[in-house]
Structures are given as structure tokens and as C-alpha cells.
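Protein sequences, first through last, are from chains P and C.
Residues in the first sequence are numbered consecutively from 1, following the working numbering.
Residues in the second sequence are numbered consecutively from 365, following the working numbering.
Okay, structure first, notes after.
2 protein chains.
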Amino acid sequence: MPRGVEAMSCQRILIAIALLMQPALSFGEGGHKTFDLAEFQFEDGTTVPKTFLTYVTHGELNRSKSNLVLLPSWYSGDHHGYDYLIGRNKALDPKKYFIVATDMFANGLSSSPSNTPPPYDGPRFPQVSIRDNVYAANRLLTEEFGVEHIKAVIGFSMGAQQALQWAVSFPESVDFVVAYCGNAKEYPFGIVRLEGAKSALMADSAWMDGDYGKQPPEKGLRALARHWAAWGVSQEWWRRETFRTTGASSIEESLRAGETYWLSRDANDLLWQANAWQNHNVAETPGYGGDFEAALKSINARVLLMPSETDLYFPVEDALYEQKLIPGAKIERIPSIWGHDVVSDPAAIDFLNSKILAFLNNAQ
Amino acid sequence: MPRGVEAMSCQRILIAIALLMQPALSFGEGGHKTFDLAEFQFEDGTTVPKTFLTYVTHGELNRSKSNLVLLPSWYSGDHHGYDYLIGRNKALDPKKYFIVATDMFANGLSSSPSNTPPPYDGPRFPQVSIRDNVYAANRLLTEEFGVEHIKAVIGFSMGAQQALQWAVSFPESVDFVVAYCGNAKEYPFGIVRLEGAKSALMADSAWMDGDYGKQPPEKGLRALARHWAAWGVSQEWWRRETFRTTGASSIEESLRAGETYWLSRDANDLLWQANAWQNHNVAETPGYGGDFEAALKSINARVLLMPSETDLYFPVEDALYEQKLIPGAKIERIPSIWGHDVVSDPAAIDFLNSKILAFLNNAQ
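As C-alpha cells, this is what we get:
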């Protein structure tokens with residue numbers, strides 16, 4: 001499958017798959033590298049002896065090691081989940097920046113329930129936090145590339161959680177943070193919404209408390225797919241039957257394409273990513289003792305928050321609330337009816353590229 | 365349990381239950397009557413030989429038989445689901461109106477999968493349409509009370525679907541229609557959202573294609589509960605931790621109270637109601653051949669649409685769209701952060717009473 005198709009996000013990819021009658025998503029293809037983290041102590045207290053982080057790079061590190069941009073992956077996505085931002089005349093020109101796109105723990109490529117041997121396999125994998133991902137990526141950057149200070153971290157959704165956590169964990173080590181369609185903590189609404197997704201999957205007894213082996217809980221994954229179908233985009237998107245622009249000719253066809261997408265993922269990996277998403281709060285960063293305001297006020301990086309106007313996961317109000325707490329934070333609302341899935345909306349992608357480019361070049 | 369408690373809707377009832385440690389919701393208590401529909405042909409073509417409709421009344425029918433107000437039940441609710449509108453100085457004074465509150469097919473009180481003998485028991489119960497409910501209620505009103513023309517039909521949610529269908533099916537037989545938090549058809553977004561709820565329940569193999577007998581699919585019902593938890597109210601409701609006003613002291617306690625509520629309902633009944641909700645469209649009324657605009661333009665009743673400003677099920681945009689198609693329709697937005705569940709918000713109930721009272725008294 002050509003890179004361009006990989007770079008698109010879920011709605012479009014899954015429709016493309018349905019139309020092309022391909023058996024599975026080319027998840028994780030694209031020549032990624034593996035960084036050996038060796039022993040890693042997760043925030044939940046578990047130390048796993050052999051762990052690793054997968055990633056791809058674009059461009060070259062400059063001599064002063066000052067041009068690194070980090071792109072952390074999002075829920076169910078991989079290291080190609082930001083390709084639409086990379087290129088000449090896009091937000092990130094690989095002739096200017098050294099771009100490192102990482103895979104989160106539990107996404108199925110970096111160390112995950114699905115790819116870790118006993119005794120940490122499947123449901124015995126430690127609970128992952130957003131901070132675990134931030135610390136692991138920091139080890140990649142310092143140990144592999146010798147980079148102690150990065151130009152920017154840019155993230156979508158759970159990637160945005162990682163980007164804002166980076167700004168809190170390493171306040172002197174990053175110049176720019178762009179967080180779109182994601183927040184510095186998961187608010188109660190999101191926690192509850194994710195409970196719906198997890199419960200739908202786990203209602204299938206074939207999940208077997210995570211020990212399903214090679215027999216995935218197919219009914220549960222299909223239920224999870226139908227859960228996300230309504231949450232992912234806006235009410236107006238559905239009312240206008242925008243699925244027709246993705247190649248689906250009916251609601252049912254659109255739903256089935258969604259099932260194909262989610263069935264290509266591992267159930268435990270999805271649950272572990274959801275837990276990390278659900279439990280996130282920068283206030284729990286060591287040193288802040290649960291003080292959310294203090295954690296956000298400590299940020300030195302220049303921050304751009306970009307909520308989607310119709311995002312049902314991360315409503316604009318939450319970003320406005322956080323903007324008030326982050327010194328000098330800017331906000332740009334993404335105009336789109338694509339809800340959370342703005343990254344499948346070509347116009348929204350143009351908007352993102354244009355605003356991020358301007359922010360990195362002109363932020364004062 | 366006192367009538368006042370019964371009159372409150374789900375969020376509050378379920379918290380009240382959790383706090384009082386009562387074993388089950390007093391669903392259907394309150395002295396309802398049963399109207400024998402005898403043989404009834406459902407829109408799906410199935411004729412069931414013995415069917416019935418349950419209901420309660422308030423007030424007296426006047427001599428000219430011109431003061432009947434119909435209140436059709438909503439998803440998971442019963443004939444006491446509108447008690448907050450009834451009383452002196454409320455929208456519906458029983459000294460003025462003869463109020464008939466009916467139970468929908470499949471709500472567990474009127475003929476339902478859970479209370480119908482073989483061969484139409486459980487999953488063999490016919491698929492129910494909103495029009496089936498409207499025709500059945502019309503038989504009650506004409507055969508039991510001799511009423512051919514009603515003053516008003518007022519409905520919330522699936523009750524609003526019934527109210528608007530009434531205006532299309534019997535354009536000369538109703539003066540006023542109030543539809544709040546509900547539409548004349550289910551839009552694609554709602555269809556997909558309901559797929560999420562149904563799939564979560566049916567992912568539980570204990571559902572057994574509906575033949576679970578006396579062993580309800582508990583995991584599936586809990587998953588359905590968690591599905592609705594995020595949809596039922598607004599993002600802002602959760603961010604403000606409004607569940608604390610209902611007696612719950614944590615997200616988890618609020619979720620568990622929701623599970624108690626949904627576990628008190630029958631799984632097939634919930635699925636059959638969801639199907640009726642999902643498949644509804646006034647355009648399918650005989651004579652309109654699928655023409656939605658023509659169906660709405662045929663309405664003679666005075667119509668008041670009342671969307672909740674934060675309803676994730678029935679967004680304001682859909683009501684505005686329908687307002688344009690219904691001759692002379694008025695619209696009043698309900699200001700509330702309670703999303704779809706405005707009927708648990710005391711301020712919203714005051715607003716509903718005040719606006720509906722004024723509409724019935726002053727509509728020109």
C-alpha cells in the first residue's frame with residue numbers, strides 16, 4: 001500500500017480497505033526502527049526486563065542538534081500517523097527538521113501486551129501511563145541521538161496528551177508544543193466515554209479476561225467499532241451522510257468498514273492504550289502532588305492548543321480551560337464537521353499545516 | 365416508593381436507589397390500567413392475537429370530550445415518566461385536562477418481548493414501529509374513551525417521535541404537539557449511536573440471541589449502562605462533576621448506579637425499543653412514499669419543538685431543520701447542561717412547564 005494511504009487516518013483508511021478488499025490494514029509497515037529500552041520501570045511499579053520503542057525518522061539531525069521534532073503516536077495509530085504534516089510546504093519540512101515519530105507502548109509495535117513474552121504477556125503487561133511514554137521517548141532521544149533539548153513536540157489526541165506531559169515533565173527541554181484534539185488530563189466525561197468502549201469489548205466472554213490467545217474476541221471488537229463510530233465524528237457529519245465521501249454508500253457499509261479497522265488491532269493493546277488515555281493527568285507528575293493548575297503553570301514552552309470545533313471527545317471548552325492555566329498559550333479552533341477525526345478531513349489538514357507552520361516560524 | 369420519586373427520571377432515580385439500597389426500581393408501579401387491544405397487526409406484518417396497552421389517567425374527560433392530552437412513554441420509561449408536568453401551576457392541570465399516559469410496546473408493561481407468551485415471546489416478538497404505538501394508542505382513545513380528536517400530544521425523546529408521528533398520521537385529530545428532545549425521524553448519527561448500545565449488549569454471549577430465559581445477560585447490560593452514561597448528559601455536566609448533586613461521590617459510583625438502573629430492565633425489551641427508535645421516520649407513513657418534507661408539511665397541528673442545548677442524542681440543528689419543514693412550528697431551546705437527560709434537571713423542568721403551559725394557552 002502506498003505511503004500516502006498509510007498517512008490517512010482511520011475513517012479513510014478503513015473505507016479504502018473495504019473498497020480494495022484487502023485483508024488487513026498495513027499497520028506498522030513503512031520501515032520502522034527499534035530502540036532497545038532494555039529494562040524499563042513503568043509508573044505502576046512493574047519493571048519489565050526487555051522493552052523497546054519503535055519509530056521512524058524523517059530528515060537529518062543538524063550539527064547543533066537543535067532541530068528535532070517529536071511526534072508521539074495516538075490511540076490505535078502508529079508512527080505514520082502524522083505523515084500529512086511532513087513535507088515541503090507542510091508544517092514540517094524534513095529539509096529543516098529532524099522528525100522522530102514514535103509508537104506508544106501498547107500500540108502493538110512498541111512493547112505491548114500483544115508482543116511481550118511471559119511473564120508480562122497479554123493481560124499481565126503493566127499498566128502504561130502517558131508519562132511512561134514520555135520518559136521512554138526521552139531515552140530514545142538522549143541515548144540514540146544525543147539530543148537533550150527538542151525544538152517541538154506535536155501531538156494529536158493521545159499524542160497531544162504526551163505533548164503536554166512533555167512540557168510539564170521537561171519544562172526546560174522543549175521550545176514549542178502543539179496539542180490538537182487532546183488535553184492535559186482526561187476529564188470525567190472522557191473517562192466515562194472510554195468506560196463504554198472498554199465495557200463493550202469486555203462484554204464478550206471470548207475476551208477471557210485477556211487470555212484469548214489466537215482467538216480474538218471478535219464480537220467485542222465489533223461492538224467497540226460501533227461504539228467509536230458515533231463518537232469519532234460529529235452529529236452533523238452523519239446527518240450530511242459524509243461517509244459517502246469516503247466511498248461507503250450506506251450507514252451499514254460505513255460501520256462494517258469500521259469493524260474491519262478495529263478487528264485488525266489486538267484487543268488487549270486497545271484496552272491498555274485506553275487505560276493510559278483514561279488515567280492521564282499532568283497533575284500526577286512527580287513534584288506536583290495532584291495540583292493540576294501548578295503543573296500547567298510550570299510550562300515554559302510556547303504552547304498552541306487546537307481543539308476541533310465538533311470534537312465529541314475533547315470539547316473546545318476543555319481547551320479553553322487549559323489555555324487559561326498555561327502561560328501564554330495560544331488557541332486555534334479547527335473548523336470541521338469531522339469531530340475528533342479531523343485528520344481525515346483534507347480541509348482540516350490544510351488548516352493544521354498552515355497554523356502549525358506559522359506557529360513554529362512566528363511564535364513570539 | 366412515593367409518587368414524587370417515581371416521577372423523576374433515570375439519573376436521579378438510579379442514584380436514589382443506590383443510596384436507599386433498594387433492590388430494584390419501582391418500575392411500573394402506580395396503579396396502571398390495561399387496555400385489551402386483542403389482535404394487533406404490527407407494521408412488520410406480524411399479527412399477534414393477544415396484545416394490550418397499559419396506561420394511567422389523571423383528571424376527568426369533559427362532556428365535549430375535548431380535553432384529552434396524550435403522553436406517550438420514552439425509552440426505558442413508563443407511564444409515570446411525565447409526572448413532573450402534571451399538577452396545579454404545571455403545564456398540565458388535571459382539573460383542566462384529561463391526561464392519558466401510555467406505555468410503549470416493548471417497554472415491559474404494554475405487550476413486550478418479556479411478557480408475551482409463545483410463539484411471540486422474547487426474540488420472536490415482532491419488530492415494533494413508532495407508528496404501531498401511535499395506532500395502538502389511538503385505539504385506546506377511540507374505543508375506551510370515545511375520543512376522536514385530542515387536545516394535545518406531548519412527548520420526550522421516543523415520546524417526541526410518537527408525538528410528531530401522531531401529527532402526521534392524524535393531521536385533523538390533534539390541536540397541539542410538543543416534541544422535546546426528539547425528532548420526526550432518526551438521523552444517521554442516532555442510528556449509529558444506537559448500534560453502539562445494541563452491540564455492547566449483544567456482545568455478551570449470555571444474551572443467547574435473545575433466548576436467555578431467566579439468566580439475563582448481565583455483562584451486556586452493564587456495558588449498555590456504561591455506553592449510555594457518557595451519551596446521556598453533556599461533557600460539561602461531567603467536567604463539573606454534576607453527579608455529586610445526585611448523591612454519587614465518584615465517577616465509579618455514578619456508573620454503578622447507572623448499571624443498577626439498566627439491570628432492572630429486560631434486555632430484549634431494551635433492544636426492541638431501540639430498534640423502534642432507530643428505524644423511525646415519519647416519511648414512511650402510508651401515503652408519503654418516503655417523502656420526509658411532504659410528511660412534515662402535511663401537519664396541521666400547532667407544533668412546539670424543544671431541543672436541549674446540550675443534547676448529544678438530538679442536537680439542536682436537527683430540530684431547526686425540522687422546524688423549517690413543519691408549517692408554523694415554534695422552537696424553544698432548553699438551557700441546561702444535562703444533555704438529553706434534561707428531565708433530571710429541576711431548572712429544565714421548570715422551563716418545560718412554563719413554556720408548555722404558555723404554548724397550550726396562548727398559541728395563535
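For glycine and all other residues, C-beta sits at the position ideal for the given N, C-alpha and C.
Quick one: grab the DSSP three-state call for residue 219/P.
Translated into the one-based positions of the first sequence, residue 219/P becomes position 219. The answer is helix: DSSP assigns residue 219/P an H, G or I state.
Please state the DSSP three-state secondary structure of residue 722/C. For the purposes of this step, residue 722/C is taken as the residue at position 358 of the second sequence. Helix at residue 722/C.
**Message:** Tell me the DSSP secondary structure of residue 80/P in three-state form.
**Reply:** Stepping through the first sequence from its first residue, residue 80/P is reached at position 80. Three-state DSSP puts residue 80/P in coil, outside helix and strand.
Tell me the rounded alpha-carbon separation between residue 469/C and residue 492/C. Counted from its first residue, the second sequence places residue 469/C at position 105. Counted from its first residue, the second sequence places residue 492/C at position 128. Cα to Cα, the separation comes out at about 7 Å.
| message | In whole angstroms, give me the CA-to-CA distance for residue 317/C and residue 463/C. | response | Limits of chain C in this structure are 365 at one end and 728 at the other, which puts residue 317/C out of reach.
> Residues of chain C with a CB under 7 Å from the CB of residue 193/P: which are they?
Replying inline: Here residue 193/P refers to the residue found at position 193 when the first sequence is read from its first residue. Those within 7 Å of residue 193/P in chain C are 594.
*asked:* Please confirm whether residue 238/P has its beta-carbon closer than 8 Å to some beta-carbon of chain B.
replied: Reference to chain B is not applicable here, since the protein chains of this structure are P and C.
Which first and last residues belong to the alpha helix (DSSP H) in which residue 261/P is found?
The count along the first sequence starts at 1 and reaches residue 261/P at position 261. Element bounds for residue 261/P: 251 to 263.
Cβ distance (whole Å) where residue 255/P is taken to contact residue 198/P below 8 Å: Start at 1 with the first residue of the first sequence, and residue 255/P comes out as number 255. Start at 1 with the first residue of the first sequence, and residue 198/P comes out as number 198. Incorrect: roughly 20 Å between the Cβ atoms, too far for contact.
* To do: Could you check which residue in 664/C, 448/C, 438/C has the C-alpha nearest to that of residue 547/C?
  => Translated into positions along the second sequence, residue 547/C becomes position 183. Checking every option, the nearest Cα to that of residue 547/C belongs to 438/C.
Practice prompt. Quickly, what does DSSP pair residue 716/C with across the bridge? List them, please.
Written response: For the purposes of this step, residue 716/C is taken as the residue at position 352 of the second sequence. Answer by DSSP bridge pairing: none, since residue 716/C is not bridged.
Given residue 677/C as reference, the closest of 702/C, 660/C, 474/C once Cα atoms are compared: On the second sequence, residue 677/C is found 313 positions in, with the first residue counted as 1. It is 702/C.
Which residues of chain C have a Cβ atom closer than 7 Å to the Cβ of residue 222/P, listed in chain order? Counting from 1 along the first sequence, the entry for residue 222/P is found at position 222. 563, listed in chain order.
- Query: Does residue 227/P get closer than 8 Å to chain C when you measure Cβ to Cβ?
  - Reply: Translated into the one-based positions of the first sequence, residue 227/P becomes position 227. Yes, its Cβ sits closer than 8 Å to a Cβ of chain C.
Review point. Under the DSSP definition of a beta bridge, which residues are partnered with residue 538/C?
Key: Here residue 538/C refers to the residue found at position 174 when the second sequence is read from its first residue. Residue pairing from DSSP places residue 538/C in a beta bridge opposite 514/C.
query = Around the C-beta of residue 119/P, are 16 or more other C-beta atoms found within 10 angstroms, so that it is buried, or is it exposed?
reply = By 1-based counting over the first sequence, the position of residue 119/P is 119. Answer is exposed; the Cβ neighbour count stays below 16.
8 Å Cβ cut-off: residues of chain P touching residue 441/C
Here residue 441/C corresponds to residue number 77 of the second sequence, with the count starting at 1. The contacting residues do not exist; residue 441/C stays about 21 Å from chain P at best.
_Considering just the uninterrupted stretch of the beta strand (DSSP E) at residue 688/C, what are its terminal residues?_
Counted from its first residue, the second sequence places residue 688/C at position 324. No beta strand (DSSP E) holds residue 688/C; the alpha helix (DSSP H) holding it covers 680 to 689.
**Asked** Alpha carbon to alpha carbon, how far is residue 189/P from residue 600/C?
**Response** As a first step, residue 189/P must be located in the first sequence, where it is residue number 189. As a first step, residue 600/C must be located in the second sequence, where it is residue number 236. Going from the Cα of residue 189/P to the Cα of residue 600/C covers about 8 Å.
I'd like the span of the alpha helix (DSSP H) that includes residue 198/P, first residue to last. Here residue 198/P corresponds to residue number 198 of the first sequence, with the count starting at 1. Where residue 198/P is concerned, the enclosing alpha helix (DSSP H) stretches over 188 to 202.
Close-in-space but distant-in-sequence residues of the same chain around residue 324/P (CB under 8 Å, 5 per side omitted): Within the first sequence, numbered from 1, the residue matching residue 324/P stands at position 324. Nothing meets the Cβ criterion.
| Proximity to residue 579/C [Cα-Cα], best of 486/C, 680/C, 429/C, 723/C | As a position in the second sequence, residue 579/C is number 215, starting the count at 1. Distance from the Cα of residue 579/C is smallest, within the candidate group 486/C, 680/C, 429/C, 723/C, for 486/C.
Open item on the list: Quick check: what's the CA-CA separation for residue 180/P versus residue 316/P?
Closed with: Within the first sequence, numbered from 1, the residue matching residue 180/P stands at position 180. Within the first sequence, numbered from 1, the residue matching residue 316/P stands at position 316. Near 11 Å, if we compare the C-alpha coordinates of residue 316/P and residue 180/P.
**Prompt:** Smallest Cα separation from residue 514/C: which of 409/C, 431/C, 411/C, 425/C?
**Reply:** To locate residue 514/C, count along the second sequence from 1; it is residue 150. Here the closest residue by C-alpha is 431/C.
Segment limits, alpha helix (DSSP H) that includes residue 164/P: The residue given as residue 164/P occupies position 164 in the first sequence. Run containing residue 164/P: 158 to 169, per the alpha helix (DSSP H) assignment.
Practice prompt. Identify which residue in 220/P, 326/P, 309/P has its Cα closest to the Cα of residue 334/P.
Written response: The residue given as residue 334/P occupies position 334 in the first sequence. It is 309/P whose Cα lies nearest to the Cα of residue 334/P.
**Prompt:** Which stretch, first to last residue, makes up the beta strand (DSSP E) that contains residue 297/P?
**Reply:** In the first sequence, counting from the first residue as 1, residue 297/P sits at position 297. Residue 297/P -> not in any beta strand (DSSP E); alpha helix (DSSP H) instead, spanning 292 to 297.
Next on the checklist: Can you tell me whether residue 507/C is helix, strand or coil according to DSSP?
Outcome noted: Counted from its first residue, the second sequence places residue 507/C at position 143. The answer is helix: DSSP assigns residue 507/C an H, G or I state.
**Message:** Under 8 Å, Cβ to Cβ, is there at least one residue of chain P near residue 615/C?
**Reply:** For the purposes of this step, residue 615/C is identified with residue 251 of the second sequence, where counting begins at 1. Cβ-Cβ to chain P under 8 Å: yes for residue 615/C.
Practice task
Return the CA-CA distance between residue 395/C and residue 248/P, expressed in angstroms with no decimal places.
Solution key: In the second sequence, residue 395/C corresponds to position 31, counting from 1. In the first sequence, residue 248/P corresponds to position 248, counting from 1. One C-alpha to the other measures close to 50 Å.
Q. If you run the structure through DSSP and keep just helix, strand and coil, what is residue 697/C?
A. For the purposes of this step, residue 697/C is taken as residue 333 along the second sequence, with counting starting at 1. Correct three-state label for residue 697/C: coil.
* Asked: How would you label residue 40/P, buried or exposed, when you count the other beta carbons within 10 angstroms and need 16 or more for buried?
  -> On the first sequence, position 40 is the one that residue 40/P refers to. Buried: at least 16 other Cβ atoms inside 10 Å.
For this session: Give the residues of chain C in contact with residue 204/P, contact being defined as C-beta atoms less than 8 Å apart.
Result: Looking up residue 204/P in the first sequence gives position 204. By Cβ distance, chain C contributes 567, 568, 569.
- Task: Just mark residue 200/P as buried or exposed, buried being the case when its beta carbon has 16 or more other beta carbons within 10 Å.
- Result: Against the first sequence, residue 200/P aligns to sequence position 200. Buried: at least 16 other Cβ atoms inside 10 Å.
Distance, residue 348/P Cα to residue 340/P Cα:
For this step, residue 340/P is matched to residue 340 along the first sequence. For this step, residue 348/P is matched to residue 348 along the first sequence. Residue 340/P and residue 348/P: Cα-Cα distance of roughly 11 Å.
So if DSSP puts residue 416/C in a beta bridge, which residue, or which two residues, is it bridged to? Position 52 of the second sequence, counting from 1, holds the residue named residue 416/C. Residue 416/C is bridged to 400/C.
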